[in-house]
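**Q** So for the sequence shown, UniProt numbering puts the first residue at 1; every next one is plus one.
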Amino acid sequence: MRFFSQSQENFNTDRLIMTRTIAVVGSTGQQGGAVVHALLHAKGWKVRGVTRNISSQKATGLAAQGVDIVAGDIDDTKSLGVQAIFGVTNFWEHLGQGLDADAAGEKEAEQAFNIASAASQIPALEHYLFSTLPKARELSKGQRPVPHMDHKAGVDDRIRKELPDLAAKTTFVWLGWYAANMASFPLVRPFELPLSGGNWVWMQPSPAEACLPVCGDVKVNLGTYVRAALEHLEKSLGKYVNVRTDRMTFTEILKVWSSATGKHAQYIPVSVEAFESLWGSYGLEMALQYFSGELWPDWDELEPSKMCSRADLMIADEDLVNLKGEFELLGTKLSSA
1 MRFFSQSQEN FNTDRLIMTR TIAVVGSTGQ QGGAVVHALL HAKGWKVRGV
51 TRNISSQKAT GLAAQGVDIV AGDIDDTKSL GVQAIFGVTN FWEHLGQGLD
101 ADAAGEKEAE QAFNIASAAS QIPALEHYLF STLPKARELS KGQRPVPHMD
151 HKAGVDDRIR KELPDLAAKT TFVWLGWYAA NMASFPLVRP FELPLSGGNW
201 VWMQPSPAEA CLPVCGDVKV NLGTYVRAAL EHLEKSLGKY VNVRTDRMTF
251 TEILKVWSSA TGKHAQYIPV SVEAFESLWG SYGLEMALQY FSGELWPDWD
301 ELEPSKMCSR ADLMIADEDL VNLKGEFELL GTKLSSA
């Protein structure tokens with residue numbers, strides 16, 4: 001199986017610049033797609049999209065736009081010929097296959113470390129970007145482990161311990177809560193209350209005044225951060241970047257949602273037990289993540305000496321789409337059936 005192919009065109013004689021290739025694992029997904037679109041027409045970059053199904057509608061669509069689509073399985077550690085890699089794995093996919101949360105996290109961590117191991121064997125590699133999350137278990141002093149966060153964070157530690165040369169050229173990417181969740185993720189969507197005259201409710205397992213770190217429009221913002229990290233290696237290598245536009249309470253988020261939709265809505269906090277009984281393992285995982293946000297809503301303060309800030313990357317506010325902007329773009333999708 002071909003994981004990454006060797007580029008035949010590494011030098012652009014018209015521009016007299018070296019053309020680098022970035023391999024984007026999960027290129028048809030939300031995160032990978034954001035990176036692809038940010039770099040597809042960027043000067044000096046060729047994008048290689050790695051996906052398990054090169055015949056899918058999304059893959060063929062990317063190929064039509066000029067992405068070099070290759071078949072790859074993230075369990076396959078063979079790789080060649082790229083200068084940068086963006087690696088992302090999908091905990092929720094494994095959870096949806098019937099694994100419990102810890103087993104899903106272990107499977108994801110295995111795949112994530114396979115990608116890192118493959119990256120470490122590429123002589124030409126200059127930059128590895130890994131989508132990860134903070135250490136919930138450690139930061140909560142063991143009170144509230146969050147499997148999809150903790151297993152990802154464990155890969156960070158393995159990279160530093162077992163692959164120190166790769167760690168030195170890795171940017172660890174944290175993403176906050178997706179604003180688009182409120183349009184597409186059933187657990188997170190408000191719903192209309194029957195016989196209420198058009199009133200809506202948003203039921204979540206967290207106090208109304210608890211804060212969430214929000215990444216805004218992931219399709220725009222993640223790509224913006226990755227491109228900036230690639231352009232500012234002197235700032236980003238070996239560091240964490242926090243893709244966040246807002247830090248807001250649930251009450252504040254719902255107020256913006258109501259403004260965007262024109263719907264009157266009420267926030268109703270529910271217990272973790274009730275949310276889990278409604279949504280199963282997905283509900284429990286979401287509830288645990290929310291609790292971690294109650295403990296430390298500002299991720300920039302978690303590892304201050306290891307952070308690469310938005311200012312370091314020279315990203316301006318106008319380069320990003322915040323929660324309000326994303327809700328305006330989503331429009332009727334926020335309240336449609």
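Glycine is no exception: its CB is placed at the ideal position from the N, C-alpha and C atoms.
All values derive from a computational prediction rather than experimental measurement.
Count the other CB atoms within 10 Å of the CB of S309; is the residue buried (16 or more) or exposed (fewer)?
**A** Numbered from its first residue, the sequence shown carries residue 309 at position 309. By the 10 Å Cβ count, S309 comes out exposed.
**Q** Assuming T249 and A208 are in contact, meaning their beta carbons sit under 8 Å apart, how far apart are those beta carbons, in whole angstroms?
**A** In the sequence shown, the residue the question calls residue 249 occupies position 249. In the sequence shown, the residue the question calls residue 208 occupies position 208. Yes, they are in contact, since the Cβ atoms of T249 and A208 sit about 7 Å apart, within 8 Å.
**Q** Would you list the one or two residues that DSSP bridges to T171?
**A** Numbered from 1 along the sequence shown, position 171 holds the residue referred to as residue 171. Per DSSP, L129.
**Q** For E138, tell me which candidate among H151, T21, E328 and A63 has the shortest Cα-Cα distance.
**A** Within the sequence shown, numbered from 1, the residue matching residue 138 stands at position 138. The shortest Cα separation from E138 among H151, T21, E328 and A63 belongs to H151.
**Q** Which partner residues does A316 have in the DSSP bridge list?
**A** On the sequence shown, residue 316 is found 316 positions in, with the first residue counted as 1. Beta-bridge pairing links A316 to no other residue.
**Q** At the level of alpha carbons, what is the spacing between T21 and V218?
**A** Working through the sequence shown from its first residue, we reach residue 21 at position 21. Working through the sequence shown from its first residue, we reach residue 218 at position 218. Near 22 Å, if we compare the C-alpha coordinates of V218 and T21.
**Q** Are there 16 or more other CB atoms within 10 angstroms of the CB of A229, so buried, or fewer, so exposed?
**A** Numbered from 1 along the sequence shown, position 229 holds the residue referred to as residue 229. Burial call: buried.
**Q** By the three-class DSSP mapping on this structure, what secondary structure does A42 have?
**A** Numbered from 1 along the sequence shown, position 42 holds the residue referred to as residue 42. Here A42 sits in coil by DSSP.
**Q** Hey, which unbroken runs of the beta strand (DSSP E) at 3 residues or more fall wholly within the region 187–272?
**A** The qualifying runs are 200–204, 211–216, 240–243, 246–249 and 265–269.
**Q** Would V226 pass as a contact of A23 if the rule is Cβ separation under 9 Å?
**A** In the sequence shown, the residue the question calls residue 226 occupies position 226. In the sequence shown, the residue the question calls residue 23 occupies position 23. No, they are not a contact pair.
**Q** What are the boundary residues of the alpha helix (DSSP H) that includes V155?
**A** Locating residue 155 in the sequence shown gives position 155, where the first residue counts as 1. First-last of the alpha helix (DSSP H) with V155: P147 to E162.
**Q** Any idea what DSSP makes of D68, helix, strand or coil?
**A** As a first step, residue 68 must be located in the sequence shown, where it is residue number 68. In this structure, D68 counts as strand in the three-state DSSP scheme.
**Q** Please classify W202 as buried or exposed, where buried requires at least 16 other C-beta atoms within 10 Å of its C-beta.
**A** Here residue 202 is taken as the residue at index 202 of the sequence shown, counted from 1. Flag for W202 reads buried.
**Q** Going by C-alpha to C-alpha distance, which of P269, D102, F113 and A64 sits closest to M149?
**A** One-based indexing of the sequence shown puts residue 149 at position 149. Here the closest residue by C-alpha is D102.
**Q** By the DSSP assignment, the alpha helix (DSSP H) with R144 in it spans what residues?
**A** Sequence index remark: in the sequence shown, residue 144 carries index 144 (1-based). R144 -> no alpha helix (DSSP H), and no H or E assigned at all.
**Q** What whole-angstrom Cβ distance do A179 and V220 have, given they're in contact under 8 Å?
**A** Translated into positions along the sequence shown, residue 179 becomes position 179. Translated into positions along the sequence shown, residue 220 becomes position 220. The pair is not a contact, with the Cβ atoms about 11 Å apart (cut-off 8 Å).
**Q** Can you tell me the Cβ-Cβ gap for residue 362 and V272, rounded? I've got them flagged as a contact below 8 Å.
**A** Residue 362 is absent from the model: the chain starts at 1 and stops at 337.
**Q** Note the first and the last residue of the continuous alpha helix (DSSP H) segment covering G96.
**A** Position 96 of the sequence shown, counted from the start, is the residue given in the question as residue 96. G96 -> alpha helix (DSSP H) spans F91 to G96.
**Q** Please report the distance separating the alpha-carbon of E110 from that of T28.
**A** For this step, residue 110 is matched to residue 110 along the sequence shown. For this step, residue 28 is matched to residue 28 along the sequence shown. Each residue's Cα considered, the two are about 21 Å apart.
**Q** Our contact map puts F130 next to F91 with C-beta atoms below 8 Å; I'd like the distance itself, whole angstroms only.
**A** For the purposes of this step, residue 130 is taken as the residue at position 130 of the sequence shown. For the purposes of this step, residue 91 is taken as the residue at position 91 of the sequence shown. At roughly 14 Å, the Cβ-Cβ gap does not stay under 8 Å, so F130 and F91 are not in contact.
**Q** Does the beta-carbon distance from P134 to G105 come in below 9 Å?
**A** Reading the sequence shown from its first residue, position 134 is the one you call residue 134. Reading the sequence shown from its first residue, position 105 is the one you call residue 105. Result no, Cβ atoms of P134 and G105 do not sit closer than 9 Å.
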